[in-house]
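Engineer: To start, I am sharing the structure in question, which I have written as structure tokens.
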Amino acid sequence: GAVVSQHPSRVICKSGTSVKIECRSLDFQATTMFWYRQFPKKSLMLMATSNEGSKATYEQGVEKDKFLINHASLTLSTLTVTSAHPEDSSFYICSAIRQGIKETQYFGPGTRLLVL
Amino acid sequence: AQSVTQLGSHVSVSEGALVLLRCNYSSSVPPYLFWYVQYPNQGLQLLLKYTTGATLVKGINGFEAEFKKSETSFHLTKPSAHMSDAAEYFCAVGGNEKLTFGTGTRLTIIP
Chain A
1 GAVVSQHPSR VICKSGTSVK IECRSLDFQA TTMFWYRQFP KKSLMLMATS
51 NEGSKATYEQ GVEKDKFLIN HASLTLSTLT VTSAHPEDSS FYICSAIRQG
101 IKETQYFGPG TRLLVL
Chain B
117 AQSVTQLGSH VSVSEGALVL LRCNYSSSVP PYLFWYVQYP NQGLQLLLKY
167 TTGATLVKGI NGFEAEFKKS ETSFHLTKPS AHMSDAAEYF CAVGGNEKLT
217 FGTGTRLTII P
């Protein structure tokens, strides 16, 4: 149990376009989901915390108007990178906490974004 | 505030040898501690975790870690390395849902 999926796994887009990444908990309900960004050979940087039905909480330095997060249901959170630029190219990973086991995060497989 | 220090960004061991990946943490509250493994171009997989209770924690793939409060450490070990253990390993500390990750240790297995 505790499977998290992400779609797409890889996306290439032109500079100035918007890209939506989906994060789904497949076999459990996720009260909270997290979005991370990982630079090459670096650790994970928490971008925001997403709770179902409420606004996301962004970490300091993360532009909330650029990285739109919607947590519409207990199994789905989306991250939209608006007006993407080459510096937004990165590996984006989501994680989810299942109801009742809040200390453990289960991670998705990640989405590789390349902005040309 | 919480932080994690992983000593050694790269560790190489021979196949069959002991694996030891070091992790030290700081936390103002009783910590929850985690080890995750990441294979290339993949997300993170939970290896093991410590929340409360027994300080020696066993995880998947033969890994284990011991929580030592006096040393603020949570080192990861495996008695005998296998080629499939080659990956990036992240130690993390939590306690209020959020996780703080170390910078990772890349484990290379020498045939």
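Read top to bottom, the protein sequences are chains A and B.
Just so we're aligned: 44 in our numbering is position 44 of the first sequence, and the numbers increase by one with no gaps anywhere.
Just so we're aligned: 118 in our numbering is position 2 of the second sequence, and the numbers increase by one with no gaps anywhere.
We put the beta carbon where it would ideally sit given N, CA and C, even for glycine.
Ends of the beta strand (DSSP E) at valine 11 of chain A?
Structural biologist: In the first sequence, residue 11 of chain A corresponds to position 11, counting from 1. Segment 10-13, the beta strand (DSSP E) holding valine 11 of chain A.
Engineer: Considering phenylalanine 39 of chain A, what are the terminal residues of the beta strand (DSSP E) in which it resides?
Structural biologist: Position 39 of the first sequence, counted from the first residue, corresponds to residue 39 of chain A. Where phenylalanine 39 of chain A is concerned, there is no enclosing beta strand (DSSP E), given that its DSSP letter is neither H nor E.
Engineer: Which residue or residues does DSSP assign as beta-bridge partners of valine 302 of chain B?
Structural biologist: Lying outside 117 to 227, the shown extent of chain B, residue 302 of chain B is not represented and no answer is given.
Engineer: Work out the CA separation of proline 156 of chain B and arginine 112 of chain A for me, nearest whole Å.
Structural biologist: Counting from one through the first sequence, the residue named residue 112 of chain A turns up at place 112. Counting from one through the second sequence, the residue named residue 156 of chain B turns up at place 40. So the alpha carbons of these two residues sit roughly 12 Å apart.
Engineer: Counting only beta-carbon separations shorter than 9 Å, does proline 40 of chain A have a partner in chain B?
Structural biologist: On the first sequence, residue 40 of chain A is found 40 positions in, with the first residue counted as 1. No, its Cβ sits nowhere closer than 9 Å to a Cβ of chain B.
Engineer: Just the chain B side, please: which residues come within less than 8 Å of isoleucine 93 of chain A by C-beta, in chain order?
Structural biologist: As a first step, residue 93 of chain A must be located in the first sequence, where it is residue number 93. What isoleucine 93 of chain A touches in chain B: Gly159 and Leu160.
Engineer: For the candidate residues B:Gly220, B:Glu187 and B:Val209, whose alpha-carbon lies nearest to that of alanine 203 of chain B?
Structural biologist: Reading the second sequence from its first residue, position 87 is the one you call residue 203 of chain B. Ranking the options by Cα distance to alanine 203 of chain B, first place goes to B:Gly220.
Engineer: Please report the distance separating the alpha-carbon of asparagine 70 of chain A from that of threonine 17 of chain A.
Structural biologist: Walking along the first sequence from the start, residue 70 of chain A turns up at place 70. Walking along the first sequence from the start, residue 17 of chain A turns up at place 17. Taking the straight line joining both Cα atoms gives about 18 Å.
Engineer: Could you check if glycine 108 of chain A is buried or exposed, using at least 16 other CB atoms within 10 Å of its CB as the buried criterion?
Structural biologist: Start at 1 with the first residue of the first sequence, and residue 108 of chain A comes out as number 108. Result: buried.
Engineer: Rounded C-beta distance between serine 95 of chain A and tyrosine 36 of chain A? I'm assuming under 8 Å.
Structural biologist: Start at 1 with the first residue of the first sequence, and residue 95 of chain A comes out as number 95. Start at 1 with the first residue of the first sequence, and residue 36 of chain A comes out as number 36. About 7 Å separates the two Cβ atoms, so the contact holds.
Engineer: Where does valine 145 of chain B land, buried or exposed, given buried means 16+ other C-beta within 10 angstroms?
Structural biologist: If you number the second sequence from 1, residue 145 of chain B lands on position 29. By the neighbour-count rule (16 or more Cβ atoms within 10 Å), valine 145 of chain B is not buried but exposed.
Engineer: So which of B:Gly159, B:Pro227, B:Tyr152 and B:Lys174 has the shortest CA-CA distance to glycine 210 of chain B?
Structural biologist: To locate residue 210 of chain B, count along the second sequence from 1; it is residue 94. Comparing Cα-Cα distances from glycine 210 of chain B to each of B:Gly159, B:Pro227, B:Tyr152 and B:Lys174, the minimum goes to B:Tyr152.
Engineer: Give me the DSSP bridge partner(s) of serine 144 of chain B.
Structural biologist: Looking up residue 144 of chain B in the second sequence gives position 28. DSSP lists no partner for serine 144 of chain B.
Engineer: According to DSSP, is glutamate 204 of chain B part of a helix, a strand, or is it coil?
Structural biologist: For the purposes of this step, residue 204 of chain B is identified with residue 88 of the second sequence, where counting begins at 1. It is a strand residue.
Engineer: Grab the span of the beta strand (DSSP E) containing leucine 79 of chain A for me, first residue to last.
Structural biologist: Locating residue 79 of chain A in the first sequence gives position 79, where the first residue counts as 1. First-last of the beta strand (DSSP E) with leucine 79 of chain A: 76-81.
Engineer: Given a cut-off of 9 Å, decide if methionine 199 of chain B and isoleucine 225 of chain B are closer than it, judged by their beta-carbon atoms.
Structural biologist: The residue labelled residue 225 of chain B in the question sits at position 109 within the second sequence. The residue labelled residue 199 of chain B in the question sits at position 83 within the second sequence. Cβ atoms of isoleucine 225 of chain B and methionine 199 of chain B: closer than 9 Å.
Engineer: For glycine 100 of chain A, which residues in chain B fall below 7 Å Cβ to Cβ?
Structural biologist: Within the first sequence, numbered from 1, the residue matching residue 100 of chain A stands at position 100. Under the 7 Å cutoff, chain B gives no residues; its nearest Cβ is about 13 Å from glycine 100 of chain A.
Engineer: Grab the span of the beta strand (DSSP E) containing methionine 47 of chain A for me, first residue to last.
Structural biologist: Here residue 47 of chain A refers to the residue found at position 47 when the first sequence is read from its first residue. Residues 44-51.
Engineer: Near alanine 117 of chain B, which residues of its chain fall below 7 Å by C-beta distance, leaving aside the five closest residues on each side in sequence?
Structural biologist: On the second sequence, position 1 is the one that residue 117 of chain B refers to. Excluding residues within five positions, the ones whose Cβ falls inside 7 Å are Ser144.
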